[in-house]
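Letter by letter, the sequence shown follows residues 172 to 660 of the numbering used here. Glycine included, each C-beta is placed from N, C-alpha and C at the ideal position. These numbers come from a predicted model, not from an experiment. Written below as structure tokens is the structure these notes are about.
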Amino acid sequence: MARRRAGSPDQTVMGRVRAWSPLLRRFAERMHGAVRAHPRWALAAVSLLALGLLMSLAGTDRSAPDTTLAEREIRLPPAVRDLARGEAPTPLDASESREMPSIEAEPETDAALRDWTLVEVRPGQTLERIFRDFNLSARLLHQVVHLDEHTRGLARIRPGDEFGFDFDHDGNLLALRADLDEERWLIVEQDETGLTSRIEPRALEARVVEASGIISSSLFNAAKGSGLSDNMTMRLANIFGWDIDFALDIRSGDRFALVYEEVWRDGEYLRDGAILAARFVNQGEAFEAIRFDAGNGPDYFAPDGRPMRKAFLRAPLNFTRVTSNFNPRRFHPITRQMRPHNGTDYGAATGTPVWAAGDGRVIRSAYNNANGNYVFIQHGNNIITRYLHLNRRSVRVGDRVRQGQTIGTVGMTGMATGPHLHYEFLVNGAHRNPRTVDLPAADPLPPELMDDFRRTGTPLLAQLDELQGPTVLLAQREQTRCEQGDTDC
Ligand SMILES: [Zn+2]
Numbered sequence: 172m173a174r175r176r177a178g179s180p181d182q183t184v185m186g187r188v189r190a191w192s193p194l195l196r197r198f199a200e201r202m203h204g205a206v207r208a209h210p211r212w213a214l215a216a217v218s219l220l221a222l223g224l225l226m227s228l229a230g231t232d233r234s235a236p237d238t239t240l241a242e243r244e245i246r247l248p249p250a251v252r253d254l255a256r257g258e259a260p261t262p263l264d265a266s267e268s269r270e271m272p273s274i275e276a277e278p279e280t281d282a283a284l285r286d287w288t289l290v291e292v293r294p295g296q297t298l299e300r301i302f303r304d305f306n307l308s309a310r311l312l313h314q315v316v317h318l319d320e321h322t323r324g325l326a327r328i329r330p331g332d333e334f335g336f337d338f339d340h341d342g343n344l345l346a347l348r349a350d351l352d353e354e355r356w357l358i359v360e361q362d363e364t365g366l367t368s369r370i371e372p373r374a375l376e377a378r379v380v381e382a383s384g385i386i387s388s389s390l391f392n393a394a395k396g397s398g399l400s401d402n403m404t405m406r407l408a409n410i411f412g413w414d415i416d417f418a419l420d421i422r423s424g425d426r427f428a429l430v431y432e433e434v435w436r437d438g439e440y441l442r443d444g445a446i447l448a449a450r451f452v453n454q455g456e457a458f459e460a461i462r463f464d465a466g467n468g469p470d471y472f473a474p475d476g477r478p479m480r481k482a483f484l485r486a487p488l489n490f491t492r493v494t495s496n497f498n499p500r501r502f503h504p505i506t507r508q509m510r511p512h513n514g515t516d517y518g519a520a521t522g523t524p525v526w527a528a529g530d531g532r533v534i535r536s537a538y539n540n541a542n543g544n545y546v547f548i549q550h551g552n553n554i555i556t557r558y559l560h561l562n563r564r565s566v567r568v569g570d571r572v573r574q575g576q577t578i579g580t581v582g583m584t585g586m587a588t589g590p591h592l593h594y595e596f597l598v599n600g601a602h603r604n605p606r607t608v609d610l611p612a613a614d615p616l617p618p619e620l621m622d623d624f625r626r627t628g629t630p631l632l633a634q635l636d637e638l639q640g641p642t643v644l645l646a647q648r649e650q651t652r653c654e655q656g657d658t659d660c
């Protein structure tokens, strides 16, 4: 359950910049007076220095992981997207899908050299009120807000927002600084020619951290005990959700370990970053995933180079909404007859979104007495998926659907005693167990990328071994014991 911070920013470009920054700062302090006296000259000098520093870094640091912070869009199973719609224990911070700037030198520009007076907005406080407190005119505020499309946002401020003000000796406004977003400042400056605005990036730093845990009651509890946020737990589950049915297959004793990034700014934790590598041991079977960019943005791959992503979701609904103790009933509760059960039943609250398990075309969307509202989807590879007892259907026959698209909601229409989704998976017309059927995988990494992939993956896997080695061995031993017929299993 240990959570260790193995942050080694010194190995990154940022580390080098940080090592430099005390020097820069001292220089900056000395320059401060000069800046006041000759702002343009000083700015030019500092810019040149910063440019020189950047160029020297770029020149010497080819081996540095320049993609550590560069997150491009990752297509995730829809659980995460659903989280973003507020159906989750905690809202998603959307960080996984946002374009982040790669690490650059700390912006020791003229804005960093200004003597900012910081103001944190209190509840009920308006920018107008703050301006008045500084004896700044309503006219100036009006000019600032109506300067351009970025400054217009200043009209809507919230408690906790932070503003920086820079004044001359007479208390006139020289510059105003606001958070445009977590990675960028909005800076409004005033000189003889009037007001100008510009956007300045803020330096972000990625720190590599680790977490591991063993599940005794629930994945979320175990993850929480390891210091993971619910959002990170969902992301972990989504990496393995193609192989593991997190709604029904998680057992006490399952284990996980992950190496991930935290994003820090100005020495403060900002949010969680990307998961770099993770391992999940489910009922004795270990799954591993490594984050790697094969040229189409980062994605997750097994150590042998196969993508974790599959053409089908293991479970067509959000596992956090499924009651884990739901028992598929072989003895039919309504007809009172034993009947073969051709699918998996997921007990979930009425209204829980049901997703298309894979890309395909709707071949049935109808109602009958047995199935209630039901949808059948035809996919490639002669696969058909069926969804029964829906409360609502949101697709029609002939519709093309994408993997993860909502096709209806859980209900108890037709012959059902409680709200649940009955889900079937047919290959060439024969029913297969949706929870265990081998799902068609996407193409593996091309051979020419495998060296690069192993260079990325090997140290991360070693780190996971270090985190979880003994427990994995234990899991394997337990499995062997079980295979040998131990009755405790
Ligand atoms: Zn069923």
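Original post:
Does the beta-carbon distance from GLY529 to ALA482 come in below 7 Å?
Top reply: Taking 7 Å as the Cβ cut-off, GLY529 and ALA482 qualify as a contacting pair.
Original post:
Cα separation between LEU484 and GLY331?
Top reply: Cα to Cα, the separation comes out at about 40 Å.
Subject >> LEU632 to GLU433 span [Cα, whole Å] >> reply: CA-to-CA, the gap between LEU632 and GLU433 works out to about 19 Å.
Original post:
If you follow the alpha helix (DSSP H) that ILE301 is part of, which residue opens it and which one closes it?
Top reply: Run containing ILE301: 298 to 304, per the alpha helix (DSSP H) assignment.
Original post:
Where does the unbroken alpha helix (DSSP H) through ALA418 begin, and where does it stop?
Top reply: No residue range can be given for ALA418, since it is assigned to no alpha helix (DSSP H) and is classified by DSSP as neither H nor E.
**OP:** Could you have a look at ALA205 and say whether DSSP puts it in helix, strand or coil?
**Re:** Low confidence applies to ALA205: its pLDDT is 45, below 50, so where it sits in the model is not reliable enough to give any reading.
Subject >> Length of the line joining the Cα atoms of GLY424 and LEU561 >> reply: Each residue's alpha carbon lies about 34 Å from the other.
**OP:** Could you check what DSSP says for ASP516 in three-state terms: helix, strand or coil?
**Re:** In this structure, ASP516 counts as strand in the three-state DSSP scheme.
**OP:** Name the one or two DSSP bridge partners that TRP287 has.
**Re:** The partner list for TRP287 (beta bridge, DSSP) is empty, contrary to what the question assumes.
Original post:
Is ASP416 near ligand 1, in the sense that its beta carbon is under 6 Å from a heavy atom of that ligand?
Top reply: ASP416 Cβ: outside cutoff for every heavy atom of ligand 1.
**OP:** Check whether the Cβ of ASP420 sits closer than 6 Å to any heavy atom of ligand 3, and report yes or no.
**Re:** In the structure shown, ligand 3 is absent; the only ligands present are ligand 1.
Original post:
Looking at the unbroken alpha helix (DSSP H) that takes in ASN402, where does it start and where does it end?
Top reply: It spans 401 to 411 - the alpha helix (DSSP H) in which ASN402 sits, taken as one unbroken run.
Subject >> Closer than 6 Å: ASP516 CB and nearest ligand 1 heavy atom >> reply: Checking the 6 Å criterion, the Cβ of ASP516 is within range of a heavy atom belonging to ligand 1.
Original post:
Who are the near neighbours of ARG535 in its chain, counting only those whose CB is closer than 6 Å to its CB and skipping five residues on each side?
Top reply: Take ARG535, set aside five residues on each side of it, and the residues of its chain with a beta-carbon closer than 6 Å to its own are PHE547, in chain order.
Original post:
With respect to the alpha helix (DSSP H) encompassing ALA394, which residues constitute its N-terminal and C-terminal limits?
Top reply: DSSP places ALA394 inside the alpha helix (DSSP H), whose first and last residues are 390 to 396.
Subject >> Sequence ranges, beta strand (DSSP E) only - wholly within the region 316 to 379, length at least 3 >> reply: With a minimum length of 3 residues, the continuous beta strand (DSSP E) runs that stay inside the region 316 to 379 are 333 to 338, 344 to 352, 355 to 362 and 365 to 372.
Original post:
Cβ of ILE386 within 7 Å of Cβ of ALA449?
Top reply: Result no, Cβ atoms of ILE386 and ALA449 do not sit closer than 7 Å.
Original post:
Residues in its own chain within less than 8 Å of PHE302 by CB, not counting five upstream and five downstream?
Top reply: The residues are SER308, ALA309, LEU311 and LEU312.
**OP:** Tell me where the beta strand (DSSP E) around VAL430 begins and ends.
**Re:** Counting along the chain, the beta strand (DSSP E) containing VAL430 begins and ends at 426 to 436.
**OP:** Confirm, please, whether the CB-CB distance from ARG532 to ALA613 is below 7 Å.
**Re:** Contact: no.
Subject >> Top-ranked residue by Cα proximity to ASN553, from PRO590, GLN576 and ARG603 >> reply: It is ARG603 whose Cα lies nearest to the Cα of ASN553.
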